[in-house]
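**Student:** Have a look at this one before I ask anything.
Protein chains: 2
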Amino acid sequence: MKDKVKGIAHDLDVTKVTILGVPDHPGIAASIFSPLSDAGISVDIIVQNSSVDKLTDLSFTVERSSLDEALAVINPITKTIGASSLTSNTNLAKVSVVGAGMQSQPGYASTMFECLNKVGVNIEMITTSEIRITCIIHEEGVQKAIRALHSAFELEADIEES
Amino acid sequence: MKDKVKGIAHDLDVTKVTILGVPDHPGIAASIFSPLSDAGISVDIIVQNSSVDKLTDLSFTVERSSLDEALAVINPITKTIGASSLTSNTNLAKVSVVGAGMQSQPGYASTMFECLNKVGVNIEMITTSEIRITCIIHEEGVQKAIRALHSAFELEADIEES
Ligand SMILES: C[C@@H](O)[C@H](N)C(=O)O
Ligand SMILES: C[C@@H](O)[C@H](N)C(=O)O
């Protein structure tokens, strides 16, 4: 079942910003990301899970060099939209299993998660698409995560950075 | 800036399962998704945001026809891993802006979010990759969301289902 996997990608330049306790109604996501794009800040991944009691958390990642600027933009917005607080973490990395049509055949995500567990790497965030299963992890786990994933998916070498 | 967008995709067969209050340590994601893949259940998207006080929520989507089976698998696991509860929602749909290299140029996500806000569609979940910005919304908003997104990104017609 490893035949749909093209390779393992990783990115060491990953900084996460999380806005906590974001009110869950139309316009909130727009009021966070429009100012970021107006400031010319490139956002890599965006993750929002479903709300509980009408509140949710909204996370996004940027390159480390964009963090100060992103926080300067987001800080006032956090108050305007009535969110409870803002956190950021620069000690993260991204590892992805890259393939095609993986969601139509069970087992790829579980293989990735079992593999990270085997090497003691905690999964901080998960986001997926048809061609990519992405986990955000602590940066110190990246090398062992990549080696373990190559072995679990029977691959030779990294396909690419990020 | 619309030039990187290939089209708008949507999927009406979207059922979400959320496991709330999942302990955030290695092995938890594996213990949720291995039984699902052993049962032959195909999972579409998986979303996990970062934890607060060592707890997070883990959501995934399946086709409606797989919900009963997925719940039968996940119900006992919810207790075994010490999660607090389990919810599911079958009234959802997925809309995605599909393109290439969108994360390197700011504005695509904010355009999508502004657009959904304009037609009063609430964004329930967000997940992204380099080639796709995906929002889970309530299914009754799908038609107006698709029309509005085509117009916002100056596109002719749907590229594909899901
Ligand atoms: C939380 C945020 O995504 C909100 N639901 C919105 O539609 O903008
Ligand atoms: C919550 C879950 O992703 C956990 N952090 C794990 O590594 O399995």
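Order-wise, the sequence lines are chains A and B.
Numbered continuously in the working numbering, the first sequence closes out at residue 1210.
Numbered continuously in the working numbering, the second sequence closes out at residue 1210.
For every residue, glycine included, the Cβ atom is placed at its ideal position computed from N, Cα and C.
Keep in mind it's a predicted model, so treat the numbers as computed, not measured.
Can you list, in chain order, the residues of the stretch 1085-1096 of chain B whose Cβ is nearer than 9 Å to any Cβ on chain A?
**Tutor:** Those residues of the stretch 1085-1096 of chain B that come within reach of chain A (Cβ to Cβ, closer than 9 Å) are SER1085, ASP1086, ALA1087, GLY1088, ILE1089, SER1090, VAL1091, ASP1092, ILE1093, ILE1094, VAL1095 and GLN1096.
**Student:** Please tell me whether ASP1051 (chain A) has its Cβ less than 7 Å away from any Cβ of chain B.
**Tutor:** no
**Student:** Quick check: the stretch 1133-1152 of chain A against the stretch 1179-1187 of chain A, are at least 3 beta-carbon pairs closer than 8 Å?
**Tutor:** yes
**Student:** Once you ignore the five residues that flank ILE1076 (chain B) on each side, which residues in its own chain have a CB closer than 7 Å to its CB?
**Tutor:** VAL1070 and ILE1129
**Student:** Report all residues from its chain with a CB closer than 6 Å to the CB of VAL1169 (chain B); omit the five preceding and five following residues, and keep chain order.
**Tutor:** Annotation for VAL1169 (chain B): ILE1185, GLY1189 and ALA1193 place their beta carbon closer than 6 Å to its own, counting only its chain and skipping 5 residues before and after.
**Student:** Distance check for ALA1087 (chain A) and ILE1094 (chain B), CA to CA, integer angstroms please.
**Tutor:** 30 Å
**Student:** Quick one: measure Cβ to Cβ for SER1107 (chain B) and THR1063 (chain B), integer angstroms, because I've assumed they're closer than 8 Å.
**Tutor:** Wrong, their Cβ atoms sit about 11 Å apart, outside the cutoff.
**Student:** Whose Cβ in chain B lies nearer than 7 Å to the Cβ of HIS1073 (chain A)?
**Tutor:** The answer, in chain order, is ASN1170.
**Student:** Which residues in the same chain as ASP1211 (chain B) place their Cβ atom closer than 8 Å to its Cβ, once the five residues preceding and following it in sequence are excluded?
**Tutor:** In the structure as shown, chain B begins at 1049 and stops at 1210. Residue 1211 (chain B) is therefore absent and cannot be evaluated.
**Student:** Would you mind telling me which residues of chain B sit closer than 7 Å to GLN1151 (chain A), beta carbon to beta carbon, in chain order?
**Tutor:** Chain B residues near GLN1151 (chain A): SER1090, VAL1091 and ASP1092.
**Student:** Between the stretch 1056-1081 of chain B and chain A, which residues of the former have a C-beta closer than 9 Å to a C-beta of the latter?
**Tutor:** LYS1064, THR1066, LEU1068, ASP1072, HIS1073, PRO1074, GLY1075, ILE1076, ALA1077, ALA1078, SER1079, ILE1080 and PHE1081
**Student:** Rounded to the nearest angstrom, what separates SER1152 (chain B) and ARG1180 (chain B) at their Cα positions?
**Tutor:** Counting only the Cα atoms, ARG1180 (chain B) lies some 13 Å from SER1152 (chain B).
**Student:** Which first and last residues belong to the alpha helix (DSSP H) in which GLN1197 (chain A) is found?
**Tutor:** This sequence places Leu at residue 1197 (chain A); Gln is not what is there. Element bounds for LEU1197 (chain A): 1190-1200.
**Student:** Using a Cβ-Cβ distance cut-off of 7 Å, determine whether ILE1174 (chain B) contacts chain A.
**Tutor:** yes
**Student:** Check whether the Cβ atoms of SER1144 (chain B) and ALA1057 (chain B) lie closer than 7 Å to each other.
**Tutor:** SER1144 (chain B) places its beta carbon less than 7 Å from that of ALA1057 (chain B).
**Student:** Using C-beta distances below 6 Å, list every residue in its chain close to LYS1102 (chain B), excluding the 5 sequence neighbours before and after it, in chain order.
**Tutor:** ASP1072
**Student:** Could you have a look at VAL1121 (chain B) and say whether DSSP puts it in helix, strand or coil?
**Tutor:** helix
**Student:** With DSSP run on the structure shown, which of helix, strand or coil describes PRO1154 (chain B)?
**Tutor:** coil
**Student:** Would you check whether ligand 1 has a heavy atom nearer than 6 Å to the C-beta of VAL1070 (chain A)?
**Tutor:** Yes - ligand 1 has a heavy atom lying nearer than 6 Å to the Cβ of VAL1070 (chain A).
**Student:** 7 Å is my cut-off, CB to CB: does PRO1124 (chain B) come that close to chain A?
**Tutor:** no
**Student:** Roughly how many angstroms separate the alpha carbons of LYS1127 (chain B) and ILE1080 (chain B), rounded to a whole number?
**Tutor:** 11 Å
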